[in-house]
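Residue numbers (full-length UniProt numbering): 1 to 421.
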């Protein structure tokens with residue numbers, strides 16, 4: 001295992017521009033990534049040469065202002081990865097290929113084509129009835145809690161946080177609940193390291209292709225049907241990839257947002273009183289998690305459209321740029337200095353920024369699911385408490401996502417309510 005306390009520059013094959021690159025993968029990100037980013041920033045500045053899994057060279061942007069600049073200037077830092085000069089250096093089963101390789105969807109295209117596709121996706125998500133969504137999430141949450149409420153103990157990650165978002169999003173897509181477990185497993189695997197990530201991605205896209213065919217033949221009140229009928233005229237064969245990113249991004253980030261918020265409220269004395277109606281609200285906990293333990297830690301990526309300068313570094317045409325969203329949130333030059341300043345401050349980079357940032361409608365869906373999930377759980381299990389010491393909780397060893405492996409709790413057994421899981 002890599003020593004997380006070793007100097008940041010000691011683990012490094014060749015990065016971009018021949019620079020010594022910090023290895024941006026492995027278990028060192030498991031416990032205290034914020035401290036690791038602080039040391040990388042201290043040694044390299046706001047833009048650091050890194051090497052991704054598979055020895056892929058890239059620049060990691062850690063500075064808040066620099067991330068803002070990259071995401072706000074798509075004409076210099078584009079989303080089309082076909083301009084990357086190092087594709088020959090990664091294998092066919094490279095784990096980041098599903099997210100980095102160019103595909104005909106709103107996630108990867110640029111300019112007017114991006115605005116057309118993103119507009120259709122935004123319209124499909126904006127049509128979601130927020131009140132109906134909240135009611136559905138409440139019923140799903142009650143059903144999940146019913147499965148363990150009589151035991152007096154549970155793992156809130158495996159039995160709740162990982163299952164609630166995918167069940168809610170599956171219904172928005174017009175999928176049966178029976179599809180949710182396999183989709184949740186494959187979506188999680190698609191964001192991990194290793195060749196299984198590629199196979200998991202392929203399985204999810206195949207299911208989305210089948211779903212689009214079904215909705216073409218029998219439309220419903222769901223996101224795929226709205227995309228098929230949208231005036232933008234998206235090709236039917238390209239919609240499954242957009243659905244993969246809607247489902248994947250929604251599931252991964254919302255599950256970790258929910259799980260990380262539950263962890264905060266169960267381990268931090270400032271939020272402990274909230275379990276019995278104290279001062280700190282669920283909304284404040286959700287907001288703090290986006291600053292401290294944001295689900296999306298790093299994001300691939302952008303590719304330089306021409307030679308340019310960023311954070312004192314020379315970025316060459318075709319270089320890959322990784323958005324260090326978590327690092328930007330802890331940038332001391334912009335970070336709120338006091339707890340009072342942080343409360344309600346939503347200047348975090350957790351949803352990225354600019355025209356390729358997370359759509360507002362998608363953020364609203366995620367917030368409804370996460371907030372309702374916490375509310376229902378605390379209502380049903382008012383004396384819920386950790387079943388282990390807080391320092392025994394283990395984070396997944398991922399450089400991309402921030403979430404717990406498990407969150408074991410205990411509580412007073414209670415009766416089943418008969419929700420819909």
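From the three backbone atoms N, C-alpha and C, an ideal C-beta is built for every residue, glycine too.
Under the DSSP assignment, residue 94 falls outside any alpha helix (DSSP H); it carries neither an H nor an E label. In the three-state reduction of the DSSP assignment, residue 379 falls in the helix class. Nearest C-alpha to residue 199 among 298, 315, 104, 94: 94. Counting the other Cβ atoms within 10 Å of the Cβ of residue 222 gives 16 or more, which makes it buried.
The Cβ neighbour count for residue 121, taken over all protein chains shown within 10 Å, is at least 16; the residue is labelled buried. The way I'd put it, the segment 387–402 doesn't touch the segment 83–94; fewer than three beta-carbon pairs between them come closer than 8 Å. Between the C-alpha atoms of residue 160 and residue 148 there is a straight-line separation of about 10 Å.
With a 10 Å radius around the Cβ and a threshold of 16 neighbouring Cβ atoms, residue 100 comes out buried.
Residue 218 counts as exposed, since fewer than 16 other beta carbons sit within 10 angstroms of its beta carbon. One Cα belongs to residue 50, the other to residue 140, and the distance between them is close to 42 Å. Note: residue 309 is bridge-paired with 314 in the DSSP secondary-structure output.
Apart from the 5 residues on each side of it in sequence, residue 195 sits with its Cβ closer than 8 Å to the Cβ of 93, 95 in its chain, given in chain order. Residue 113 and residue 106 have their alpha carbons spaced roughly 8 Å apart.
Nearest to residue 254 by alpha-carbon distance, out of 42, 71, 164, is 164.
The three-state reading of DSSP puts residue 349 in coil, since its state is none of H, G, I, E or B.
Shown here for residue 285: same chain residues with a beta carbon closer than 6 Å to its own, the five before and five after excluded, namely 261, 264, 265, 271 in chain order.
Following the DSSP letters along the chain, one finds residue 320 inside the beta strand (DSSP E) bounded by residues 320–323.
When the beta-carbon positions are compared, residue 205 and residue 241 come within less than 8 Å of each other. Contact between residue 133 and residue 368 holds: CB atoms are separated by about 5 Å, below the 8 Å threshold. As the crow flies, the alpha-carbon of residue 295 is around 33 Å from that of residue 415. Selection 323, 401, 282, 306 evaluated against residue 376 yields 282 as nearest (Cα-Cα).
Here DSSP, grouped into helix, strand and coil, assigns residue 78 to strand. Annotated as distal: residue 311 and residue 78, with beta-carbon spacing of 8 Å or more.
Here residue 232 has 116, 120 as same chain residues with Cβ atoms under 6 Å from its own Cβ, once five neighbours each way along the sequence are excluded. For residue 170, the closest alpha carbon among the candidates 246, 146, 129, 292 is that of 246. In the same chain as residue 16, and ignoring 5 residues on each side of it, the C-beta atoms closer than 7 Å to its own belong to 49, 57, 58, 59, 319, in chain order.
Within the segment 231–257, no complete beta strand (DSSP E) segment of 3 residues or longer occurs.
Take residue 359, set aside five residues on each side of it, and the residues of its chain with a beta-carbon closer than 8 Å to its own are 118, 121, 122, 125, in chain order. Relative to residue 61, the option among 402, 393, 300 whose CA is nearest is 300. Here the alpha carbons of residue 238 and residue 31 stand approximately 39 Å from one another. Comparing alpha-carbon positions, the option among 267, 210, 190, 41 lying closest to residue 251 turns out to be 190. Comparing alpha-carbon positions, the option among 356, 402, 288 lying closest to residue 268 turns out to be 288. Counting along the chain, residue 155 sits inside no alpha helix (DSSP H); it lies in the beta strand (DSSP E) bounded by residues 153–155. Counting only the Cα atoms, residue 332 lies some 50 Å from residue 214. Residue 177 and residue 401 have their alpha carbons spaced roughly 25 Å apart. Assigned with DSSP and collapsed to three states, residue 301 falls in strand.
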